[in-house]
Amino acid sequence: MAQCVTNMAQAAACRNGTAAAHLKVISLFTIFVTSMTGVSAPVMLARYFQGKSLYDMAILVIKCFAAGVILSTSLVHVLPDAFEALSDCQVASRHPWKDFPFAGLVTLGGVLMALLVDTVASSHVEHAHYTPVETEEKEGGGGGGGAWSMEVVGGGEEERVEKLMKFKQKLVSQVLEIGIIFHSVIIGVTMGMSQNVCTIRPLVAALSFHQIFEGLGLGGCIAQAGFSFGTTAYMCFMFSVTTPMGIILGMILFSMTGYDDSNPNALIMEGLLGSVSSGILIYMALVDLIAVDFFHNKLMNSNLWLKKVSFIALTLGSASMSVLALWA
Numbered sequence: 059m060a061q062c063v064t065n066m067a068q069a070a071a072c073r074n075g076t077a078a079a080h081l082k083v084i085s086l087f088t089i090f091v092t093s094m095t096g097v098s099a100p101v102m103l104a105r106y107f108q109g110k111s112l113y114d115m116a117i118l119v120i121k122c123f124a125a126g127v128i129l130s131t132s133l134v135h136v137l138p139d140a141f142e143a144l145s146d147c148q149v150a151s152r153h154p155w156k157d158f159p160f161a162g163l164v165t166l167g168g169v170l171m172a173l174l175v176d177t178v179a180s181s182h183v184e185h186a187h188y189t190p191v192e193t194e195e196k197e198g199g200g201g202g203g204g205a206w207s208m209e210v211v212g213g214g215e216e217e218r219v220e221k222l223m224k225f226k227q228k229l230v231s232q233v234l235e236i237g238i239i240f241h242s243v244i245i246g247v248t249m250g251m252s253q254n255v256c257t258i259r260p261l262v263a264a265l266s267f268h269q270i271f272e273g274l275g276l277g278g279c280i281a282q283a284g285f286s287f288g289t290t291a292y293m294c295f296m297f298s299v300t301t302p303m304g305i306i307l308g309m310i311l312f313s314m315t316g317y318d319d320s321n322p323n324a325l326i327m328e329g330l331l332g333s334v335s336s337g338i339l340i341y342m343a344l345v346d347l348i349a350v351d352f353f354h355n356k357l358m359n360s361n362l363w364l365k366k367v368s369f370i371a372l373t374l375g376s377a378s379m380s381v382l383a384l385w386a
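In this text, residue positions in the sequence shown follow the working numbering: the first is 59, and each later residue adds one.
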């Protein structure tokens, strides 16, 4: 409890509602611009390389860098923040929060939820495609002979795999955006509710870089998914406005409830949402990004040099996002 008193006294010394409000207004524009820059860069880069011989390699390297950013975001930023929120002395002194590591449990729930969505969606696509293939086989089996039937099945299987891969890429991008939006809302609401100038001032600069790298991660996945221009623009815009909208929401919540970012109820909500987000991002980064490219990508398996470059890109993405944990 003494630690709680010390922290509250330190926060009171830096508490200045007017100065905090001015900093938040500045952060709205700064974070929006940096977010838009980060998420748009891989998309524009992919369009530049499109149609060129290096297009597939460039997309793969961008995606590996993105996977590193996403994995680092989940393990170095989101998960520690969730544990910290739920282990705060004002929360950890209560039941049931002091009786069980809920941050880890909810993270596990996020992983299982992402697995469920991934499995159900993939099964749906496979079932939808198998039905017309089976119909074609039955229609051709009566008088066409075995060779014709084998040809139909072979072509159908190849088409099914290609269609499933395209769908998976789009699904990964959409689920990733959901997980990142959870994280961005938490960051925004926490800053919006805070009245601590000593906390907000360095956060404005740190979060700007944070959003650039997180945007690069999401943008790399969006670029490979091959969405239409309208869908791509919509996803980039939603990522860019989520944190500013979270800041505005946090300011509204503070004005209506008086809760700041150190309130126990706010800490519990931050910890739970952060844990779910972390679980989703961990699953997507390891299973649908890193594992798919490093173990199931024909282009990388046939080119040892590309595999080395991709691993370096993965490491650089992880390192660049991890370094930001010094400030945000």
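Note that CB positions come from ideal geometry on N, CA and C, so glycine has one too.
Rounded Cβ spacing between residue i and residue j (contact assumed at less than 8 Å)
i    : j    : result
L347 : A125 : 4 Å
M342 : A172 : 6 Å
I305 : G237 : Not really, about 19 Å apart at Cβ, beyond 8 Å.
L81  : V255 : 7 Å
M379 : V127 : 5 Å
F123 : L274 : 7 Å
S242 : D318 : So it is not a contact: roughly 20 Å between Cβ atoms.
L115 : L362 : First, the amino acid is wrong: residue 115 is Met here, not Leu. Going by Cβ atoms, the distance from M115 to L362 rounds to 13 Å, so no, they are not a contact pair.
L382 : A264 : 6 Å
K228 : F285 : 7 Å
Proximity of residue i and residue j at Cβ, strictly below 8 Å
i    : j    : result
D351 : K156 : no
C375 : S181 : The question names Cys, but residue 375 is Gly in the sequence shown. Their beta carbons are not under 8 Å apart, which means G375 does not touch S181 by this criterion.
S333 : G168 : yes
E328 : I244 : yes
T301 : S93  : yes
S336 : S132 : yes
G96  : G316 : no
A104 : I89  : no
S85  : V230 : no
L331 : F240 : yes
V101 : A283 : no
C279 : L311 : no
Residue i Cβ short of 7 Å to the ligand ADP heavy atom set
i    : result
L307 : The ligand ADP is not among the ligands present in this structure, which contains no ligands whatsoever.
Bounding residues of the alpha helix (DSSP H) (the contiguous stretch that carries residue i)
i    : result
F267 : V255 to A283
G126 : Y113 to S130
S378 : L362 to V381
L103 : G75 to F107
Neighbour flag for residue i against chain D, beta carbons, 8 Å
i    : result
L382 : Absent from the structure is chain D; it holds one protein chain and no more.
Any chance the segment 324-334 sits against the segment 236-252, with 3 or more Cβ pairs inside 8 Å?
-> yes
Tell me, please, whether the segment 350-369 touches the segment 266-273 by the rule of three or more beta-carbon pairs shorter than 8 Å.
-> no
Where are the beta strand (DSSP E) runs, 3 residues long or more, that stay fully inside the segment 289-356, in chain order?
-> Within the segment 289-356, no complete beta strand (DSSP E) run reaches 3 residues.
Can we say the segment 145-155 touches the segment 355-373, given the rule of at least three CB pairs closer than 8 Å?
-> no
Curious, which full-length alpha helix (DSSP H) runs of at least 4 residues does the segment 136-191 contain?
-> 137-144 and 147-150
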